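Scroll down for the structure; my scribbles are underneath it.
Chains as they are written, first to last, in the numbering used here: chain A, 1 to 113; chain B, 114 to 225.
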């Protein structure tokens, strides 16, 4: 059973427009959420995170929104740039004892010039 | 001055062989992980070590044996390789009290 789901395997956006990547989770015990970005042949790199006590966290062009009642989070990138083209993984931490991360299946974002 | 490094980056071997992948982190973190990314691109945790002690073992076949000689290193040894072991293996490290994990570049293992 997949506790973290990214239902859109791919997304195409024009340069300068907003990219919205979505993530749903099933475990109400998740207390921390992260987004990672991955280029081909490289490891995932940490992008932005949010604690369950917040509903929004912003870092430059990247904003993460959390809707706990809907068990849904989203990553907004604005304005999108061609260098943002990558696979984006959503991850959630399942408990405080181990800080283990559960990853979604990823969304491939293509930003068209 | 790579934070998390893995060797080798590519590994091609035949079924039945035994192979090892090495990981080193210079971030001073206490916790290290091994992940497997399969053909469906799903990134799944395999093991976690905290200060040389095994703390997570996610029902991985016992052909896989992690070893942590010190807290900066976590190696993965795989015995009797099978076709289904073909995947990209990522090492990651994490600082105590933080959720963020920092990943190595990955090792693409191909079993023929």
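By construction, the Cβ of each residue, glycine as well, lies at the ideal position given by its N, Cα and C atoms. Just so it is clear, the structure is predicted and the values come from calculations on it, not from any experiment.
Following the continuous beta strand (DSSP E) through residue i, name the residue where it begins and the one where it ends.
{"i": "residue 64 of chain A", "result": "62-67"}
{"i": "residue 24 of chain A", "result": "19-25"}
{"i": "residue 59 of chain A", "result": "56-59"}
{"i": "residue 33 of chain A", "result": "32-38"}
{"i": "residue 221 of chain B", "result": "220-224"}
{"i": "residue 200 of chain B", "result": "200-207"}
{"i": "residue 124 of chain B", "result": "123-126"}
{"i": "residue 149 of chain B", "result": "144-150"}
{"i": "residue 309 of chain B", "result": "Residue 309 of chain B lies beyond the stretch modelled for chain B, which goes from 114 to 225, so this question has no answer here."}
{"i": "residue 49 of chain A", "result": "45-51"}
{"i": "residue 194 of chain B", "result": "Unbroken run through residue 194 of chain B: none, as it is neither H nor E."}
{"i": "residue 15 of chain A", "result": "Element bounds for residue 15 of chain A: n/a, residue is neither H nor E."}
{"i": "residue 212 of chain B", "result": "Counting along the chain, residue 212 of chain B falls outside any beta strand (DSSP E), and DSSP gives it neither H nor E."}
{"i": "residue 138 of chain B", "result": "132-138"}
{"i": "residue 160 of chain B", "result": "156-163"}
{"i": "residue 120 of chain B", "result": "117-120"}
{"i": "residue 171 of chain B", "result": "First-last for residue 171 of chain B: undefined, no H or E at that position."}
Below 8 Å on the Cβ atoms is my guess for residue i versus residue j; work out the distance and round it to an integer in Å.
{"i": "residue 83 of chain A", "j": "residue 23 of chain A", "result": "So it is not a contact: roughly 22 Å between Cβ atoms."}
{"i": "residue 162 of chain B", "j": "residue 140 of chain B", "result": "About 14 Å separates the two Cβ atoms, so there is no contact after all."}
{"i": "residue 109 of chain A", "j": "residue 19 of chain A", "result": "6 Å"}
{"i": "residue 71 of chain A", "j": "residue 8 of chain A", "result": "At roughly 17 Å, the Cβ-Cβ gap does not stay under 8 Å, so residue 71 of chain A and residue 8 of chain A are not in contact."}
{"i": "residue 184 of chain B", "j": "residue 165 of chain B", "result": "6 Å"}
{"i": "residue 15 of chain A", "j": "residue 111 of chain A", "result": "6 Å"}
{"i": "residue 215 of chain B", "j": "residue 117 of chain B", "result": "5 Å"}
{"i": "residue 34 of chain A", "j": "residue 107 of chain A", "result": "Wrong, their Cβ atoms sit about 14 Å apart, outside the cutoff."}
{"i": "residue 128 of chain B", "j": "residue 222 of chain B", "result": "About 12 Å; that fails the 8 Å criterion."}
Return yes when the Cβ of residue j is within less than 8 Å of the Cβ of residue i, no when it is not.
{"i": "residue 131 of chain B", "j": "residue 200 of chain B", "result": "no"}
{"i": "residue 126 of chain B", "j": "residue 206 of chain B", "result": "no"}
{"i": "residue 90 of chain A", "j": "residue 4 of chain A", "result": "yes"}
{"i": "residue 122 of chain B", "j": "residue 182 of chain B", "result": "no"}
{"i": "residue 189 of chain B", "j": "residue 134 of chain B", "result": "yes"}
{"i": "residue 160 of chain B", "j": "residue 170 of chain B", "result": "yes"}
{"i": "residue 47 of chain A", "j": "residue 37 of chain A", "result": "yes"}
{"i": "residue 146 of chain B", "j": "residue 49 of chain A", "result": "no"}
{"i": "residue 65 of chain A", "j": "residue 73 of chain A", "result": "yes"}
{"i": "residue 30 of chain A", "j": "residue 51 of chain A", "result": "no"}
{"i": "residue 225 of chain B", "j": "residue 124 of chain B", "result": "no"}
Compute every distance between the C-beta of residue i and the non-hydrogen atoms of the ligand HEM, then say whether any falls below 7 Å.
{"i": "residue 159 of chain B", "result": "With respect to small molecules bound, the structure shown includes none, and the ligand HEM cannot be examined in it."}
Whole beta strand (DSSP E) elements within the stretch 72-110 of chain A, 3-residue minimum: 72-77, 86-93, 101-103
Which residues, in order along the stretch 125-138 of chain B, keep a beta-carbon less than 7 Å from a beta-carbon of chain A? Residues of the stretch 125-138 of chain B with a Cβ closer than 7 Å to any Cβ of chain A: none.
Taking any Cβ of chain B, which residues in the stretch 40-54 of chain A have a Cβ under 8 Å from it, in chain order? 41, 42, 43, 44, 45, 46, 49
Given a limit of 7 Å on CB to CB distance, which residues of the stretch 92-113 of chain A reach chain B? 93, 98, 99, 100, 101, 103, 105, 106
Short-range partners of chain A found in the stretch 165-194 of chain B, where Cβ spacing is below 7 Å: 168, 169
For the stretch 78-93 of chain A, enumerate the residues whose C-beta is nearer than 8 Å to any C-beta of chain B, in chain order. 87, 89, 93
At a CB distance below 7 Å, what residues from the stretch 20-42 of chain A approach chain B? Give them in sequence order. 32, 34, 42
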